[in-house]
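Novice:
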Amino acid sequence: MTKKEITQLSYEITGFAIKVHKTLGPGLLESIYEECLKIELINNGYDVKQQLYTTINYEGVDIKTKLVVDLLVNDAVIVELKAIEEILPIHEAQLLTYMKVLKKPQGLLINFFTDNITKSLKPFINEYFKELPN
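Position in the sequence shown counted from 1, then plus 4, gives you our numbering.
1. What are the start and end residues of each continuous alpha helix (DSSP H) run of 4 or more residues lying completely inside the segment 106-132, in chain order?
2. Just confirm the distance between the C-beta atoms of residue 37 and residue 52, as a whole number of angstroms; I'd bet it's less than 8 Å.
3. Should residue 97 go down as buried or exposed, given a rule of 16 or more other Cβ atoms within 10 Å for buried?
4. Does DSSP classify residue 16 as helix, strand or coil?
5. Could you tell me which residues DSSP puts in a beta bridge with residue 66?
6. Taking the continuous alpha helix (DSSP H) assigned at residue 45, which residues delimit it?
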């Protein structure tokens, strides 16, 4: 994929998250938003993996972890959902870790516990994004 394609994909995911948020509003459990966003994405032709357990390879040995990615869209963008009062640095670190371990170029941290989802949404890129062609 190219940087442009990844950026467009993230933009489209954001649009579906906004739709889910407008429909349901704030105040529900994270798992409900996750399921609804997954439905929107699948219904619109995206490949979505949900609650994906990750492993870490240490010196050739795969170690099972308790790192669970909420959504992986088109094998390129990790979507980490929250329904909490405030996003903390640990939540950002969690997403960045998933991106590094899974070698994915972009991640979206989306908090549904807000009146305006676009103000709380945080996109992240890493070295894998920077290596992609334009």
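The C-beta atom is built at its ideal place from N, Cα and C for all residues, glycine as well.
Specialist: By the coordinates alone:
1. Taking only runs of at least 4 residues, the alpha helix (DSSP H) segments lying wholly in the segment 106-132 are 121-124.
2. Here residue 37 refers to the residue found at position 33 when the sequence shown is read from its first residue. Here residue 52 refers to the residue found at position 48 when the sequence shown is read from its first residue. Between residue 52 and residue 37 the Cβ distance is about 14 Å, and since that is not below 8 Å, they are no contact.
3. Position 93 of the sequence shown, counted from the start, is the residue given in the question as residue 97. Counting other Cβ atoms within 10 Å of its Cβ, residue 97 stays below 16 and is therefore classed as exposed.
4. Here the question's residue 16 lines up with position 12 in the sequence shown. Three-state DSSP puts residue 16 in a helix.
5. Mapped onto the sequence shown, residue 66 falls at position 62. 61, per the DSSP bridge assignment.
6. In the sequence shown, the residue the question calls residue 45 occupies position 41. Segment 34-47, the alpha helix (DSSP H) holding residue 45.
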